[in-house]
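Peer 1: Take this structure, written in structure tokens, and hold onto it; I'll ask about it next.
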Amino acid sequence: MNIFRLAGDMTHLASVLVLLLKIHTIKSCAGVSLKTQELYALVFATRYLDIVTDFISVYNTVMKLIFLGSSFSIVWYIRHHRVVRRSYDKDQDTFRHYLLMIPCMLLALFVHEKFTFKEVMWTFSLYLEAVAILPQLVLLQRTRNIDNLTGQYVFLLGAYRGLYIFNWIYRYFTEPHFVHWITWIAGVVQTLLYADFFYYYFESWKNNVRLQLPA
Amino acid sequence: SNDTVTKDEL
Numbered sequence: 001m002n003i004f005r006l007a008g009d010m011t012h013l014a015s016v017l018v019l020l021l022k023i024h025t026i027k028s029c030a031g032v033s034l035k036t037q038e039l040y041a042l043v044f045a046t047r048y049l050d051i052v053t054d055f056i057s058v059y060n061t062v063m064k065l066i067f068l069g070s071s072f073s074i075v076w077y078i079r080h081h082r083v084v085r086r087s088y089d090k091d092q093d094t095f096r097h098y099l100l101m102i103p104c105m106l107l108a109l110f111v112h113e114k115f116t117f118k119e120v121m122w123t124f125s126l127y128l129e130a131v132a133i134l135p136q137l138v139l140l141q142r143t144r145n146i147d148n149l150t151g152q153y154v155f156l157l158g159a160y161r162g163l164y165i166f167n168w169i170y171r172y173f174t175e176p177h178f179v180h181w182i183t184w185i186a187g188v189v190q191t192l193l194y195a196d197f198f199y200y201y202f203e204s205w206k207n208n209v210r211l212q213l214p215a
Numbered sequence: 001s002n003d004t005v006t007k008d009e010l
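For the protein sequence lines, the chains are A and B, in the order given.
In terms of this note's numbering, the first sequence opens at residue 1 and continues consecutively.
In terms of this note's numbering, the second sequence opens at residue 1 and continues consecutively.
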């Protein structure tokens with residue numbers, strides 16, 4: 001464990017806590033894409049298959065349980081909570097996210113490290129996470145006024161994978177093992193997808209104005 | 001083993 005990975009995990013944890021805080025306290029999911037939340041639940045479900053078979057550390061297991069629990073409970077809140085579901089804007093959240101799942105699954109079937117069920121699922125989760133934010137970014141462009149918590153959620157979610165890239169660079173220079181190029185590429189693509197969001201997020205922060213993404 | 005290190009990551 002290095003400072004970049006710890007910072008990345010804490011940033012990721014902060015993003016899910018900000019979202020849970022928003023949905024649980026103000027009982028609203030306005031501006032939040034259910035599609036992205038469903039994709040993330042699938043990302044964690046397919047990435048953490050080894051949670052019962054391979055024990056790495058208490059930290060690793062606890063964090064996996066937090067990410068699995070938070071992503072599935074957020075999906076449940078938006079779909080089934082009698083108050084929260086009313087604030088879900090399904091007419092705006094129209095990204096066809098299964099069109100993201102299918103290419104990621106096909107790519108994982110052809111481009112992977114080992115052709116085993118766990119490995120293909122793990123690779124699928126990497127590819128899927130890289131594009132999982134797209135429905136949320138599309139929804140933000142349609143939602144004129146982005147509330148602070150949703151903006152902070154997306155910012156933290158994008159920042160965590162950026163920190164992981166520093167973690168991979170650090171490990172590349174300090175450990176004998178190697179970080180597989182699939183992880184590198186998926187992580188870089190994922191972070192690049194946030195590039196324009198980061199730009200507008202910093203602009204709004206610098207000029208102290210409401211965050212608005214150009215349509 | 002020269003297994004990828006990222007398997008111990010989240």
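Here a beta-carbon is modelled for each residue, glycine too, at the ideal position from N, C-alpha and C.
Treat the numbers as computed from the prediction; the structure is a model and nothing was measured.
1. Identify which residue in Ala-30/A, Tyr-40/A, Ile-3/A has its Cα closest to the Cα of Val-16/A.
2. For a quick check, are the C-beta atoms of Val-75/A and Glu-129/A less than 8 Å apart?
3. Is Leu-17/A helix, strand or coil by DSSP?
4. Answer with buried or exposed for Ser-70/A, where buried requires no fewer than 16 other C-beta atoms within 10 angstroms of its C-beta.
5. Excluding five sequence neighbours on each side, which residues of the same chain lie with their C-beta closer than 8 Å to the C-beta of Ala-14/A?
6. Rounded to the nearest angstrom, what separates Arg-210/A and Arg-161/A at their Cα positions?
7. Counting only runs of 4+ residues fully inside the segment 85-169 of chain A, write out the alpha helix (DSSP H) ranges in chain order.
8. Confirm, please, whether the CB-CB distance from Ile-182/A to Glu-113/A is below 8 Å.
9. Starting from the beta carbon of Met-10/A, find every residue of chain B whose beta carbon is closer than 9 Å, and list them in chain order.
10. Which of the three DSSP states, helix, strand or coil, is assigned to His-180/A?
11. Please confirm whether Thr-174/A has its beta-carbon closer than 8 Å to some beta-carbon of chain B.
12. May I have the straight-line CA-CA distance separating Ile-23/A from Gln-136/A, to the nearest angstrom?
13. With a threshold of 8 Å between beta-carbons, can Phe-67/A be considered close to chain B, or not?
14. Tell me whether the beta-carbon of Phe-166/A lies closer than 8 Å to the beta-carbon of Phe-4/A.
15. Relative to the C-alpha of Lys-118/A, which candidate in Ala-132/A, Arg-79/A, Asp-50/A has its C-alpha closest?
16. Pull out every residue of the segment 37-66 of chain A whose Cβ sits closer than 7 Å to any Cβ of chain B, in chain order.
17. If you follow the alpha helix (DSSP H) that Tyr-77/A is in, where does it begin and where does it stop?
18. Anything in the segment 175-191 of chain A with a Cβ closer than 7 Å to a Cβ of chain B? List those residues in chain order, please.
19. Judging by CA-CA distance, which residue of Thr-143/A, Tyr-164/A, Leu-68/A, Ser-28/A is the nearest neighbour of Leu-45/A?
Peer 2: By the coordinates alone:
1. By 1-based counting over the first sequence, the position of residue 16/A is 16. The shortest Cα separation from Val-16/A among Ala-30/A, Tyr-40/A, Ile-3/A belongs to Tyr-40/A.
2. Residue 75/A sits at position 75 when you count from the first residue of the first sequence. Residue 129/A sits at position 129 when you count from the first residue of the first sequence. It is not a contact, given that the beta carbons lie outside the stated cut-off.
3. Residue numbering aside, residue 17/A sits at position 17 when the first sequence is read from its first letter. Three-state DSSP puts Leu-17/A in a helix.
4. Counting from one through the first sequence, the residue named residue 70/A turns up at place 70. Classification of Ser-70/A: buried, given that the 10 Å Cβ count is 16 or more.
5. Taking the first residue of the first sequence as position 1, residue 14/A is located at position 14. Result list for Ala-14/A: Leu-156, in chain order.
6. Numbered from 1 along the first sequence, position 210 holds the residue referred to as residue 210/A. Numbered from 1 along the first sequence, position 161 holds the residue referred to as residue 161/A. Answer to the nearest angstrom: the Cα atoms are 25 Å apart.
7. 98-110, 117-131, 134-142
8. Taking the first sequence and counting its residues from 1, one reaches residue 113/A at position 113. Taking the first sequence and counting its residues from 1, one reaches residue 182/A at position 182. Cβ atoms of Glu-113/A and Ile-182/A: closer than 8 Å.
9. Here the question's residue 10/A lines up with position 10 in the first sequence. By Cβ distance, chain B contributes nothing, its closest Cβ being about 11 Å from Met-10/A, past 9 Å.
10. Position 180 of the first sequence, counted from the start, is the residue given in the question as residue 180/A. Three-state DSSP puts His-180/A in coil, outside helix and strand.
11. To locate residue 174/A, count along the first sequence from 1; it is residue 174. Answer no: the Cβ-Cβ gap between Thr-174/A and chain B never drops below 8 Å.
12. For this step, residue 23/A is matched to residue 23 along the first sequence. For this step, residue 136/A is matched to residue 136 along the first sequence. Each residue's alpha carbon lies about 15 Å from the other.
13. To locate residue 67/A, count along the first sequence from 1; it is residue 67. It does; some Cβ of chain B falls within 8 Å.
14. Sequence index remark: in the first sequence, residue 166/A carries index 166 (1-based). Sequence index remark: in the first sequence, residue 4/A carries index 4 (1-based). It is a contact, given that the beta carbons lie within the stated cut-off.
15. What you label residue 118/A is simply residue 118 of the first sequence in a count that begins at 1. Among Ala-132/A, Arg-79/A, Asp-50/A, the Cα nearest to that of Lys-118/A belongs to Asp-50/A.
16. Ile-56, Asn-60, Met-63, Lys-64
17. Looking up residue 77/A in the first sequence gives position 77. That run of the alpha helix (DSSP H) goes 58-80.
18. Glu-175, His-177, Phe-178, Val-179, His-180, Thr-183
19. Taking the first residue of the first sequence as position 1, residue 45/A is located at position 45. Note on residue identity: the sequence assigns Ala, not Leu, to residue 45/A. Cα-wise, what sits closest to Ala-45/A is Leu-68/A.
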